[in-house]
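Reminder that position 18 of the sequence shown reads as 18 in the UniProt record's numbering, one-by-one numbering, no gaps.
Where a beta carbon is used, it is the ideal one built from N, C-alpha and C, also for glycine.
The structure appears below as structure tokens.
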Amino acid sequence: MPRVQFEDKPWAKPNPGRVYVTRLGWVHYGHPDIETNHQFLLDFGFVETHRTTDPERIFYRGYNDQPVLYVSEKTETPQFFGGSFEAASAEDLERASKIPGAGEIRDLDFPGGGKIVTILDPDNVPVNIIYGFQRVERGNDPRSAGPINLPLISDDAKPRKGTFQRIPPGPAPVHKLGHFGHKTGDIAKLSQWYMTNFNLRGIDIQANPFNKSEDMAVFYNIDLGEHYSDHHAFFHFSFFPGQKFPGPHHASFEVHDHDIQQQGHYHLLRKGHKQMWGLGRHLLGSQIFDYWYDPDGFTIEHYADGDVVNQDNKPERHVVDRMEDFTIWGGRINLQGAFEGDARPVSATVG
Numbered sequence: 001m002p003r004v005q006f007e008d009k010p011w012a013k014p015n016p017g018r019v020y021v022t023r024l025g026w027v028h029y030g031h032p033d034i035e036t037n038h039q040f041l042l043d044f045g046f047v048e049t050h051r052t053t054d055p056e057r058i059f060y061r062g063y064n065d066q067p068v069l070y071v072s073e074k075t076e077t078p079q080f081f082g083g084s085f086e087a088a089s090a091e092d093l094e095r096a097s098k099i100p101g102a103g104e105i106r107d108l109d110f111p112g113g114g115k116i117v118t119i120l121d122p123d124n125v126p127v128n129i130i131y132g133f134q135r136v137e138r139g140n141d142p143r144s145a146g147p148i149n150l151p152l153i154s155d156d157a158k159p160r161k162g163t164f165q166r167i168p169p170g171p172a173p174v175h176k177l178g179h180f181g182h183k184t185g186d187i188a189k190l191s192q193w194y195m196t197n198f199n200l201r202g203i204d205i206q207a208n209p210f211n212k213s214e215d216m217a218v219f220y221n222i223d224l225g226e227h228y229s230d231h232h233a234f235f236h237f238s239f240f241p242g243q244k245f246p247g248p249h250h251a252s253f254e255v256h257d258h259d260i261q262q263q264g265h266y267h268l269l270r271k272g273h274k275q276m277w278g279l280g281r282h283l284l285g286s287q288i289f290d291y292w293y294d295p296d297g298f299t300i301e302h303y304a305d306g307d308v309v310n311q312d313n314k315p316e317r318h319v320v321d322r323m324e325d326f327t328i329w330g331g332r333i334n335l336q337g338a339f340e341g342d343a344r345p346v347s348a349t350v351g
């Protein structure tokens, strides 16, 4: 299998058709029982903002300034309609419409409005570019936890004095969509396509511990030059054993801190939801992770305390002997069963 190529820096090569994006928008899934999934999403920490009847959809936000982070649509079978990136300008949206596989620019019938272009990537998976939507007022950060009393010179030097670390139970409020990614049977081809057409910079490659000449995963950050962005906003994973359909791997949503994340973890357990993997801390990106299955088997993650990088951080290929070495701490993942709920075709349409 061909390897992912970072050496020639495809994201830096001149390309007048390159689409510049600034951050992620939302993910859009289809669920046969959107009310059952609705309760899961509320328990996960989303806030419902709007409903439509034709098509039947529920829209959710977090506490940042974006009107939508998650779209749930009633479908006969579980579906994935793609994630979205915010274009840097109207000109970038226009350039997106010229990429082979793109549909026309159309009105976005989501809360906040705006425009959208949907592109089918080489795996026939939808990629949505959005622009011009109306932002909303940012909510309050859920700082229900006080300062952490770390070991210092003396007890008197600890910052939390005379107050108590008593976090109320409940969901972990979602801040933003931090990253999402796809599974693919041709990681080299897909990585070149994304790094050529968008300002997505390869930051880390994860070699396959079972065959170190192959690449298991590639992570991309949104290249903002000297300005910092999350270690990865997008990624690709090669198929795990038994997988055959390109499509969603998981979507990950940022929460305020580790205490809030733990609060949400135990809330989801109390509500009887199915945990997938976690808690733990990743090696690549450093996020504290907590993966869950939604009622249809799609994988969704809470994360906290991830790395941010800029142009000074150099891409690397990481080779380890065991899968668990990609985790700094936390439980071991069983790859045989991992993400199998997502192994289904996607809704490959451009609108």
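Those residues which DSSP pairs with residue i across a bridge
i       : result
Gln-275 : Trp-292
His-50  : Phe-59
Ser-252 : His-179, Glu-301
Ala-102 : Ile-119
Pro-126 : Leu-120
Tyr-228 : Beta-bridge pairing links Tyr-228 to no other residue.
His-318 : Gln-206
Neighbourhood of residue i by C-beta, 8 Å cutoff - its chain only, sequence neighbours within 5 removed
i       : result
His-318 : Asp-204, Ile-205, Gln-206, Ala-207, Leu-283, Leu-284, Phe-326
Gly-341 : Reliability fails at Gly-341, whose pLDDT of 48 lies under 50, so the model's placement of it is uncertain and the value that follows must be treated cautiously. These residues qualify, in order along the chain: Tyr-293, Asp-296, Gly-297, Phe-298, Thr-299.
Ala-343 : Summary for Ala-343: the model assigns pLDDT 44, below 50, so the residue's position carries little reliability, and this model does not support an answer.
His-267 : Asp-43, Pro-169, Gly-170, Pro-171, Ala-172
Trp-329 : Gly-280, Arg-281
Pro-78  : Tyr-29, Gly-30, His-31, Pro-32, Asp-296, Gly-297, Phe-298, Arg-344
Asn-140 : Tyr-63
Glu-76  : Pro-32
Residue from the options whose Cα sits closest to the Cα of residue i
i       : options                            : result
Gln-5   : Ser-191, Ala-217, Ala-251, Pro-246 : Ser-191
Gln-262 : His-38, Leu-41, Gly-45             : Gly-45
Glu-7   : Phe-133, Phe-85, Arg-201           : Arg-201
Asp-321 : Asp-92, Asn-211, Gly-264           : Asn-211
Arg-138 : Glu-316, Asn-64, Asp-259, Lys-115  : Asn-64
Met-323 : Thr-77, Phe-240, Val-21, Gly-82    : Phe-240
Pro-169 : His-250, Glu-94, Lys-158, Arg-270  : Arg-270
Lys-274 : Pro-32, Ser-72, Val-308, Asp-290   : Asp-290
Pro-111 : Gly-225, Thr-52, Lys-176, Leu-120  : Thr-52
Val-19  : His-50, Glu-94, His-28             : Glu-94
Gly-185 : Pro-122, Tyr-60, Leu-224           : Pro-122
Tyr-70  : Thr-49, Pro-78, Thr-77, Ala-87     : Thr-49
His-265 : Phe-234, Glu-301, Phe-235          : Glu-301
Glu-35  : Arg-57, Thr-22, Val-27, Leu-24     : Arg-57
Thr-163 : Gly-146, Leu-120, Leu-177          : Gly-146
Lys-98  : Phe-198, His-175, Phe-59, Asp-230  : Phe-198
Ser-252 : Ala-12, Gly-25, Lys-13             : Gly-25
DSSP three-state assignment for residue i, whether helix, strand or coil
i       : result
Ala-343 : Unreliable positioning characterises Ala-343 in this predicted model, as indicated by a pLDDT of 44, which lies under 50. A coordinate reading is not provided.
Phe-44  : helix
His-179 : strand
Arg-270 : helix
His-38  : helix
Asp-312 : coil
Phe-164 : coil
Phe-326 : helix
Asp-107 : strand
Gly-17  : coil
Gly-285 : coil
Gly-113 : coil
Gly-170 : coil
Gly-280 : strand
Gly-247 : strand
Range covered by the beta strand (DSSP E) that runs through residue i
i       : result
Asn-221 : 211–222
Glu-86  : 79–87
Ser-72  : 70–74
Arg-23  : 21–31
Ser-238 : 234–238
Span of the alpha helix (DSSP H), counted from its first residue to its last, around residue i
i       : result
Tyr-194 : 187–197
Asp-204 : From DSSP, Asp-204 is part of no alpha helix (DSSP H) but of the beta strand (DSSP E) over 200–208.
Arg-95  : 90–96
Neighbourhood of residue i by C-beta distance below 6 Å, restricted to the same chain and skipping five residues each side
i           : result
Pro-345     : At Pro-345 the pLDDT is 48, less than 50, meaning the model places this residue with poor confidence and gives no usable figure here.
Leu-149     : Checking the sequence shown, residue 149 turns out to be Asn, not Leu. Only Lys-158, Arg-160 meet the Cβ criterion.
Ile-333     : Trp-277
His-31      : Asn-37, Ser-72, Asp-296
Asp-305     : Ile-288
residue 356 : This structure cannot settle anything about residue 356, because the visible part of the chain is limited to 1 through 351.
Asp-257     : Ala-304
Proximal residues to residue i (C-beta, below 7 Å), its chain only, five neighbours per side dropped
i       : result
His-232 : His-179, Ile-203, Phe-219, Tyr-220, Asn-221, Gly-285
Thr-196 : Pro-10, Asn-15
Arg-3   : Ala-188, Asp-215
Leu-108 : Gly-114, Lys-115, Ile-116, Ile-130, Phe-133
Pro-209 : Val-320, Asp-321, Arg-322, Met-323
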